[in-house]
DNA sequence: GAGTTCACG
DNA sequence: GACGTACGTGAACTCA
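In the working numbering, the protein residues as written are 86 to 1015.
What follows is the structure in structure tokens.
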């Protein structure tokens, strides 16, 4: 039947169905393999109900419309459009294609157009149907669709079973459907990030539109508005309002590759529908549908669920003999087809160095199933390393590197093929240097971190041994160790095949094991929102690096060397003999045995302790300890910073490229290595000068933004301390306020000393305070310190409750959690002896430190979109600080954009009861910017 | 390679 | 009543 008068078209908003189904149901998984299917199940039930409800009705045509692609013309108009959306939950993502298949199984037309939102397709079809003289019902409650209502188009809220006609729209917006867009343009939409006119909501917008007729007239005559604030907003923000109207206006001319006639209602085919339902293992639903169709219900076997953490018994052993060597393009093409057929592939790159900036690609290994792996040698060298002429020759029997990459790139960049790796940041950086940007990716190291933080480290060797019962070939057997170690390009190809293909094989097995565990252990959100999306962000920061001025460091090194030499002489004179100033053992003997100073304490190894705290106490008695302290400071600055940093300047880029270890700290913090740029001195004036060597190139500026007191704010929130929360809301000096509360000193009579003590207590609480620890930190008697703590608990009783609850939770579950669901395991929490104390304090600290770490991770993940188009790069993270390199003219814009992201980073997942405040600075170098 | 010390948040 | 203690990191150095 050709669509025309008397026809009735139903358009179902597919995405709304999916999200409603996802949130309405618990995270169900398919019994046989753990595939998440909760949303698919709910979706099918909703479709079934729809079919039942409309059986025998007047509907002649129907389609389910989906969104496709995240980038639409609206993003080109306004990059921030829908930018504050949470990433799709990981356990929902694999269900999206299944909902398409479900729709088709029900024999309902299933339509999507790349680069268009479902709403635009719905708009286009509605107008076509209306113009053809038919009726339309849009099954959705999305207010953005209300502009389409009228002239035979209505909406139906399927959940409430309520029809929405022009009257209903007027009830909601205060204007008719034809003016809905104008009202939305003024009111904006915080969910979709449509800016609108600040301070004007739906009510005011409707009032204005009704008074002036339409938006254009209103904007033209904005000068006539009486309220000064409103008038000013409408005049100043006219462009922003017009842009907002473009964003909310649905596109009724979406190019479609089908016609209304293709949407005719069809009866489902029982075999197809029941086949799909039994594949999903929906027992109840398939019985019900089979009964309705009057056919036999399918028999769905009861598959035994796989025990968590247990390798599937039918996997072949990890065996070098089964691993293929790829030496011609035909064989590579076969593998590429295999990868496409599987839709995912484990990948590992072999290179000449652990330094990704300098490493040369030597080979690539792939695996598609346990035991089915290959290695593609690309850059192995032949001949003796000592042979100057032969050493650079490529070994025979290898594919040309560029040919292999050209063949692989379409797969590696295919958004429909998942690339699985162990520490993918490394492989992404290597391939990025060859112009290949892998996406999407999964990372078994990060999966393990989300699942097992606090239990063990997450290197492949540890994971393989622990979860596969297999010890991988040690890299040492190929490369040797120490001075005689060779690089991977010198490894004979056949040895490399065994080693490299095994790594891909292991990675694939770990992925098969961990992936379903993420759902079972309820850490998919952590993995999906805090781990996986951070990988490309860190990779980019590391590749950018930061410019370091070698001259500045070199001059400082010389100055330090001179001062140290002078101090050394002085020290030897004071000691009465020469000795190695850098040897704590020799120093201890001199101080406590030879010079007879009292208070020497021996550690477990029998050596005297000579740490800074000990020497500071001794400094009142004698000059020597003070000189040692001076010498040590200089020695530290020189060896760790001014000397070592110079060696880390990359000869190609002239910049220093750190590596962030995403799984480095149990709490969720990052660690920085080679070099560590998270501990560049700042606390002393002399050390701080090292930061002047971290510079921005000409025409650019370094911009630093850091969270103010983020851990204390989080403590105030999680322990629910009203006094602290209020103090933060009022923008008070939190340490002074604590001091005032504890010691009864009015704020205007506060002394630095009292404030200092309160500050120490505030930090102590975050660290799992003990009387002993506070006493040592403040150098006061233990009883006095305990008195402070008692008073603190009395004044802020929530703290005690938080600590007790956290310990109890840890004992019950074996882990603690951050506000964002990150788990930190606490295996020692019930240990006996001193270890229990450590575990308790770590358990108290972890949710606070970890939540702060989660917050800045969220900010970093959102940052690229927020600063897109601005001439700047994010370079470094130092736990609560982000450092950017910005073109001089854009400093204020970047600060505004980045601050917005950072201050809003907890939302929408967590609503903190305290504001997050970000301080900003900028300058030619890091010392000035901080 | 373990132990000590010290740089950072 | 006695344990021993602030939380989280990485790097350089000494010494066995």
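We put the beta carbon where it would ideally sit given N, CA and C, even for glycine. Predicted, not measured: the structure shown is a model, and the values here were computed from it.
Assignment of residue 888 by DSSP, reduced to helix, strand and coil, places it in the helix class.
When the beta-carbon positions are compared, residue 863 and residue 843 stay at least 8 Å from each other. Ranked by how close their Cα comes to the Cα of residue 229, the residues 422, 202, 244 have 202 in first place. Bounds of any beta strand (DSSP E) do not take in residue 996, whose DSSP letter is neither H nor E.
Residue 519 counts as exposed, since fewer than 16 other C-beta atoms from the protein chains shown sit within 10 angstroms of its C-beta. DSSP places residue 364 in the uninterrupted alpha helix (DSSP H) bounded by 355-364.
If you look at residue 517, you'll find it in the alpha helix (DSSP H) that goes 509-517. For residue 962, the uninterrupted beta strand (DSSP E) segment begins and ends at 957-962.
Restricting attention to beta strand (DSSP E) runs no shorter than 3 residues, the stretch 866-949 encloses them at 900-902, 908-910, ordered along the chain. In terms of Cα proximity to residue 345, the closest of 698, 657, 196 is 196. Residue 586 sits close to residue 459, with the two beta carbons spaced by under 8 Å. Here the stretch 948-966 does not lie against the stretch 903-913, with fewer than 3 beta-carbon pairs under 8 Å apart. The alpha helix (DSSP H) runs of length 4 or more contained entirely in the stretch 509-590 are, from start to end of the chain, 509-517, 529-537, 545-548, 561-564. Assignment of beta-bridge partners to residue 969 by DSSP yields 788, 959. Residue environment for residue 742: buried (at least 16 other C-beta atoms within 10 angstroms of its C-beta). With a 10 Å radius around the Cβ and a threshold of 16 neighbouring Cβ atoms, residue 833 comes out exposed. The beta carbons of residue 291 and residue 268 sit about 5 Å from each other, so the pair counts as a contact at 8 Å.
Where residue 837 is concerned, the enclosing alpha helix (DSSP H) starts and stops at 837-851.
In this structure, the alpha-carbon of residue 424 lies about 32 Å from that of residue 571.
With respect to residue 949, residue 171 sits apart: the two C-beta atoms are not nearer than 8 Å.
If you draw a straight line from the Cα of residue 129 to the Cα of residue 361, it is about 10 Å long.
Burial state of residue 509 is buried, judged by a 10 Å Cβ sphere holding 16 or more other Cβ atoms.
The alpha-carbon of residue 401 is positioned some 26 Å away from that of residue 415. Taking each of 877, 920, 573, 555 in turn and checking the Cα distance to residue 809, the smallest one comes out for 877.
Straight-line spacing of the CA atoms in residue 971 and residue 790 works out to 13 Å. One alpha carbon belongs to residue 545, the other to residue 534, and they sit about 12 Å apart. The alpha carbon of residue 907 has as its nearest neighbour, out of 105, 934, 766, the alpha carbon of 934. When C-alpha distances from residue 93 are compared across 116, 208, 136, 220, the shortest belongs to 220. Using a Cβ distance threshold of 8 Å, residue 727 and residue 642 count as a contacting pair. For residue 1008, DSSP records a beta bridge to 787.
Pairing residue 986 with residue 938 gives a Cβ-Cβ distance that is not under 8 Å.
The residues 278, in chain order, have a CB closer than 7 Å to that of residue 165 in the same chain once the five nearest residues on each side in sequence are set aside. Separation of residue 373 and residue 359 (C-alpha to C-alpha, rounded to the nearest whole angstrom) is 10 Å. In the structure shown, residue 484 falls within a coil segment according to DSSP collapsed to helix, strand and coil. With distances taken between CA atoms, residue 503 lies nearest to 430 out of 775, 430, 781. Residue 248: member of the beta strand (DSSP E) spanning 247-249, first to last residue.
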